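Student:
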Amino acid sequence: MFDTTTLENKIAFIAGGTSGINLGIAIGLARVGAKVAVLGRNAEKAAAAAEAIRTETGAEAIFLSADVRDPEQVETALQETVKQWGKIDILISGAAGNFPAPALGISPKGFKTVVDIDLLGTYNVFHAGFNYVNKNASMIAITAPQAVMPMPYQAHVCAAKAGINMLVKCLAMEWGPAGIKVNGISPGPIDETEGMDRLAPNEAARQDYLNKTASRRFGNKQDIANAAIYLSADIGSYVNGTILTVDGGTELGDASADCLSVPAR
Ligand code: NAP
Ligand code: COA
């Protein structure tokens, strides 16, 4: 029978796939048949991630150590992956940096650092990656609610992620005719991640997130992996140029009002 969600024999390259949400995506893709290459700056951490993927899923996994801010390092990592397995079918750009800080407390170098990792890093991965992907490849950028929701202490991240959303749409238009899909996934607050630890470093801040989120729960890594599977498998083959929001309603805004006196069930 035609299985709409299998990624059997697909090759996935995940920039920033050595921890957190992106590692969760790598594990999710591997569970449904993909071979995965994960990339991060820290080689030891990357090696441990590849080992975890192999142990948890039994799939083939390799690691690459590179900085997405350096186009040459990105190119070399793509070449190594193609040397190992042939062309890439799923190309994910999820490396990011975030530190909460007021705009006046961010130096030009600090602002540039985040834009360089998030936005230029995504450009570097997709721009170089174009030459290493198969027809019908799925490219996915990991963006965030900050792309469309202005937030204090997040000017650098909001600017960078907004740029990613627009880059996704432009590339989808240019590369769709060549048989390549480009989409984004926008996760909401995902539990047990570096990003959430930085944005909500204590219980009060975590509760505040929960109270404002319509679904009244944090997301988990599998929620985001499911979206990546959808965008990469046959079942999502006509989805192009979209930002798939997987955020429990975060982007709708503050849902803390108890207007909702809707009976619990
Ligand atoms: P994380 O665990 O810190 O993951 C970041 C990954 O990127 C790591 O593998 C890190 O490895 C790599 N990385 C960072 N800078 C890099 C660079 N310059 N070059 C290459 N690799 C680099 O973060 P996370 O919280 O799971 O977030 C993952 C993604 O989801 C990010 O795009 C983030 O914006 C997005 N997101 C997260 C949340 C959330 O709730 N956590 C919500 C919305 C969106 P090295 O440090 O070894 O380089
Ligand atoms: N407030 C203000 N500025 C800060 C800051 C903070 N909390 N943290 C870092 N910066 C500034 C630094 O001060 C520096 O600018 P300066 O030299 O003018 O002072 C600039 O950012 C670069 O910092 P540096 O540590 O040299 O960059 P790096 O490339 O080593 O690290 C970061 C990049 C700062 C984004 C680092 O937090 C990181 O590697 N993050 C990856 C993990 C992550 O953020 N995960 C969550 C993803 S959502």
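Position in the sequence shown counted from 1, then plus 11, gives you the numbering used here. Idealized CB from N, CA, C, for every residue including glycine. Here the structure is a predicted model, which means the values were calculated and not measured.
1. Taking a contact to mean a Cβ-Cβ separation below 9 angstroms, would you say V159 touches E262 in this structure?
2. On the CB-based measure, 16 or more other CB atoms within 10 Å of its CB, does M12 come out buried or exposed?
3. Excluding the 5 residues flanking Q90 on each side, which residues of the same chain have their C-beta closer than 8 angstroms to its C-beta?
4. Could you check where the beta strand (DSSP E) with M150 kicks off and where it finishes?
5. I'd like to confirm the pairing. Which residues does DSSP put opposite N194 in its beta bridges?
6. Can you name, in chain order, every residue of its own chain whose Cβ lies under 6 angstroms from the Cβ of A183, other than the five neighbours on each side?
7. Indicate the three-state DSSP secondary structure (helix, strand or coil) for T261 in the structure shown.
8. State buried or exposed for P119, treating a residue as buried only when at least 16 other CB atoms are found within 10 Å of its CB.
9. Just to confirm the assignment: which complete beta strand (DSSP E) runs, minimum length 3, are found wholly within the region 73-156?
10. For P111, which residues from the same chain have a beta carbon less than 8 angstroms from its beta carbon, with the 5 sequence-adjacent residues on both sides left out?
11. Is the closest heavy atom of ligand 2 to the C-beta of R217 under 8 angstroms?
12. Ignoring anything shorter than 4 residues or poking outside the region 18-74, list the alpha helix (DSSP H) runs there in chain order.
13. Taking A37 as the reference, which of A239, F122, I117 has the closest Cα?
Tutor: Taking the coordinates as given:
1. Taking the first residue of the sequence shown as 1, we reach residue 159 at position 148. Taking the first residue of the sequence shown as 1, we reach residue 262 at position 251. Taking 9 angstroms as the Cβ cut-off, V159 and E262 qualify as a contacting pair.
2. For the purposes of this step, residue 12 is taken as residue 1 along the sequence shown, with counting starting at 1. Unreliable placement is indicated for M12, whose pLDDT of 46 sits below 50; the coordinate value is still reported in the next sentence. M12 should be labelled exposed.
3. Indexing the sequence shown from 1 puts residue 90 at position 79. These residues qualify, in order along the chain: Y143.
4. The count along the sequence shown starts at 1 and reaches residue 150 at position 139. Where M150 is concerned, the enclosing beta strand (DSSP E) stretches over 144-153.
5. Locating residue 194 in the sequence shown gives position 183, counting from the first residue. Answer by DSSP bridge pairing, in chain order: I151.
6. Counting from 1 along the sequence shown, the entry for residue 183 is found at position 172. Taken in chain order, the residues that qualify are V193, N251, G252.
7. On the sequence shown, residue 261 is found 250 positions in, with the first residue counted as 1. Correct three-state label for T261: helix.
8. Locating residue 119 in the sequence shown gives position 108, counting from the first residue. Burial call: exposed.
9. Taking only runs of at least 3 residues, the beta strand (DSSP E) segments lying wholly in the region 73-156 are 99-104, 144-153.
10. Indexing the sequence shown from 1 puts residue 111 at position 100. Here the set comprises Y164, Q165, R209, L210.
11. Counted from its first residue, the sequence shown places residue 217 at position 206. No.
12. Qualifying alpha helix (DSSP H) stretches, in chain order: 31-42, 54-68.
13. In the sequence shown, the residue the question calls residue 37 occupies position 26. Measuring from the Cα of A37, the nearest candidate turns out to be A239.
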